[in-house]
DNA sequence: TGCGCGATTTGCGTCAGGACAACGTTCTGG
DNA sequence: CCAGAACGTTGTCCTGACGCAAATCGCGCA
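Protein chains in written order, with this note's numbering: chain U, 1 to 266; chain E, 1001 to 1266.
Structure follows, in structure tokens:
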């Protein structure tokens, strides 16, 4: 609900185009240096000159923690690549319940609604920590992809792997107990945003029990209970909006189905 | 497990190329006439000549009911477009449980694993009724998309809308009761494969309670109970591997959350 | 340093829905 | 026409997870 204080991509662009006294940086500073994106998967296969051409239309925008990059239902006027930070992508059901769809990590393309023939963003993206993203107007997408087919191919792969993830999640929700789903969710988070510390792997951004509940289709109460039990067994280490996996291997075994949670039997 | 008796796409192609006494049809018959695919969304934007070029590499294959088009885990050596019939796409969990991922309707592209950078099919596709599909070797995909960028764009939209559907399903499973999920599943099926008959809308292919259970993450027992209750209330009409929606509107209301199932309270 | 709010923990009651079991019904093949 | 199998229906029991509610903790801010 805290509507972002950050300007949207198009507002930036409009300001750039219309402001009569164009400042030095705005007129001549390349929006982004290609070194920061040269090895992103999305741009694999593009030469330096081509990269510059693509980046010429981009703007770099900073999103403070808890600000929204875009809102569910808003007109999809831009697409993005995350450079730094982490975003939480969430959907709200007609009944008002929120669901965390996924987290975006640096290097990922997101908000490509226009490429999927959507006129509006299907979800809301919120900065979980201070973040920086590149941003292009949606109108640039057809032009860029027709000129650089590898962009479309790479985007297709990205969307495809996202589809795989989402289907995996459907399967988890169909076939697994809550405890296994939570384990899977944490492992996935650690995998894509884990930071190795002495006592294990820490998830690199603030995440509440509520967030985990919204990722796994359960309630914060249940998540809290599960994490408490795991903490007693030395599997994880909790804290305010903080989770450390102390024994990812054992957690994985638990996620896979064996290793009963509490039961004495077996 | 009934491994299809149908030849795979590549076996067909190999047979075509290597069989010494090439028969008349095999050597000269165009694999498919463009009239049968001219108005498929996938090929929107291609001229007749281009269409012919794309179709030149395709083969048309018939899949009898219950035969597999491809198996989960098999090498992804082809991609397909369904011309006629209906396919059930299912995944098997490591624990052996099966999940129905979706149904494929005529006109849809499927099995594009290669485009998503997968070497193996992530799911199994089985003909729910006798079906016919066009089939291209996976190797043709990069060539075709680089020559006809609209193909990639269209595929991206297809995969994107599939992603939307899957996410919608995740949200349903997170936030809805079993009964609502079953209602949603039936409405979706009716929507994409419904046939209007006197008493309502019939789902156009054989579908068992087990199948519905695998779509909604529940058990066939629960599905059976729910359908029985609905039948008593005149919402649906059952039968062996057959479901007719007699009152889609009321079913929709039920799926949306209001209209309690049984409760007497108000 | 003390206050206040949001995050977290935890106990308890309840119930939807899964497990088990038995039976009825409709196809299929000989 | 009959046997057998696959599909579907129903009843009973039981458990895991949700809802409610209250206590507690920890961080940020003044």
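All C-beta atoms, glycine included, are put in the ideal place defined by N, C-alpha and C. This structure is a prediction, so every number in the text was calculated from the model and none was measured.
Residue i in three-state terms, based on DSSP
i: residue 96 (chain U); result: coil
i: residue 1054 (chain E); result: helix
i: residue 1226 (chain E); result: helix
i: residue 82 (chain U); result: strand
i: residue 1243 (chain E); result: coil
i: residue 1062 (chain E); result: strand
i: residue 207 (chain U); result: coil
i: residue 212 (chain U); result: helix
i: residue 1160 (chain E); result: helix
i: residue 27 (chain U); result: The predicted position of residue 27 (chain U) is uncertain, since its pLDDT is 41 and thus under 50; a value taken from the coordinates is nonetheless stated next. If DSSP states are grouped into helix, strand and coil, residue 27 (chain U) belongs with the helices.
i: residue 1105 (chain E); result: coil
i: residue 1172 (chain E); result: helix
i: residue 5 (chain U); result: For residue 5 (chain U), the predicted structure reports a pLDDT of 40, less than 50, and the residue's modelled location is therefore unreliable. The matter cannot be settled from this model.
i: residue 1037 (chain E); result: coil
i: residue 1046 (chain E); result: coil
i: residue 182 (chain U); result: helix
i: residue 1188 (chain E); result: helix
i: residue 220 (chain U); result: helix
i: residue 1165 (chain E); result: helix
Residue of the options minimising C-alpha distance to residue i
i: residue 1055 (chain E); options: E:1045, E:1172 and E:1038; result: E:1038
i: residue 152 (chain U); options: U:46, U:36 and U:33; result: U:46
i: residue 217 (chain U); options: U:252, U:235, U:242 and U:174; result: U:174
i: residue 1109 (chain E); options: E:1210, E:1141, E:1097 and E:1196; result: E:1141
i: residue 1097 (chain E); options: E:1130, E:1197 and E:1215; result: E:1215
i: residue 1164 (chain E); options: U:91, U:257, U:242 and U:87; result: U:91
i: residue 191 (chain U); options: U:179, U:102 and U:171; result: U:102
i: residue 1206 (chain E); options: E:1127, E:1082 and E:1160; result: E:1127
i: residue 76 (chain U); options: U:137, U:57, U:131 and U:82; result: U:137
i: residue 167 (chain U); options: E:1093, E:1064 and E:1129; result: E:1093
i: residue 204 (chain U); options: U:131, U:143 and U:234; result: U:131
i: residue 1238 (chain E); options: E:1250, E:1202, E:1117 and E:1254; result: E:1202
i: residue 255 (chain U); options: U:232, U:241, U:240 and U:226; result: U:226
i: residue 193 (chain U); options: U:144, U:243, U:117 and U:172; result: U:243
i: residue 955 (chain E); options: E:1065, E:1086 and E:1134; result: Residue numbering for chain E in the displayed model covers 1001 to 1266; residue 955 (chain E) lies beyond these limits and cannot be assessed.
i: residue 169 (chain U); options: U:114, U:187 and U:65; result: U:187
i: residue 125 (chain U); options: U:50, U:148 and U:79; result: U:79
i: residue 1212 (chain E); options: E:1196, E:1234 and E:1178; result: E:1178
Boundaries of the beta strand (DSSP E) in which residue i is found, first to last residue
i: residue 1070 (chain E); result: 1068-1070
i: residue 195 (chain U); result: 194-197
Amino acids of chain E, ordered along the chain, whose beta-carbon sits closer than 7 Å to that of residue i
i: residue 186 (chain U); result: Under the 7 Å cutoff, chain E gives no residues; its nearest Cβ is about 17 Å from residue 186 (chain U).
i: residue 257 (chain U); result: 1095
i: residue 232 (chain U); result: Within 7 Å Cβ-Cβ: nothing; residue 232 (chain U) doesn't reach chain E, min ~27 Å.
i: residue 72 (chain U); result: Correct list: empty, because the minimum Cβ distance to chain E is about 12 Å.
Contact list for residue i against chain U, beta-carbon separation under 7 Å
i: residue 1097 (chain E); result: 175
i: residue 1217 (chain E); result: 173 and 174
Element boundaries [alpha helix (DSSP H), containing residue i]
i: residue 252 (chain U); result: 248-256
Chain-ordered neighbours of residue i on chain E, where CB pairs are closer than 8 Å
i: residue 117 (chain U); result: 1157, 1160 and 1161
i: residue 171 (chain U); result: 1091, 1093 and 1099
i: residue 145 (chain U); result: 1149, 1152 and 1153
i: residue 192 (chain U); result: Within chain E, no residue comes near residue 192 (chain U); the closest Cβ sits about 17 Å away, beyond 8 Å.
Neighbour list for residue i in chain E, Cβ cutoff strictly below 9 Å
i: residue 164 (chain U); result: 1116, 1118 and 1122
Residue i beta carbon near the ligand ZN (any heavy atom closer than 8 Å)
i: residue 195 (chain U); result: The ligand content of the structure shown is nil, which means the ligand ZN is not present either.
Cross-chain neighbours of residue i in chain U, by beta carbon under 8 Å
i: residue 1210 (chain E); result: Residues of chain U passing the Cβ test: none, with the nearest at roughly 13 Å.
Beta-carbon neighbours of residue i, restricted to chain U and to distances below 9 Å
i: residue 1241 (chain E); result: Under the 9 Å cutoff, chain U gives no residues; its nearest Cβ is about 21 Å from residue 1241 (chain E).
i: residue 1180 (chain E); result: Result: empty, since nearest Cβ-Cβ is about 10 Å, beyond 9 Å.
Suppose only complete runs of 4+ residues qualify. What are the alpha helix (DSSP H) ranges in the segment 1109-1155 of chain E, listed by chain order?
1140-1147
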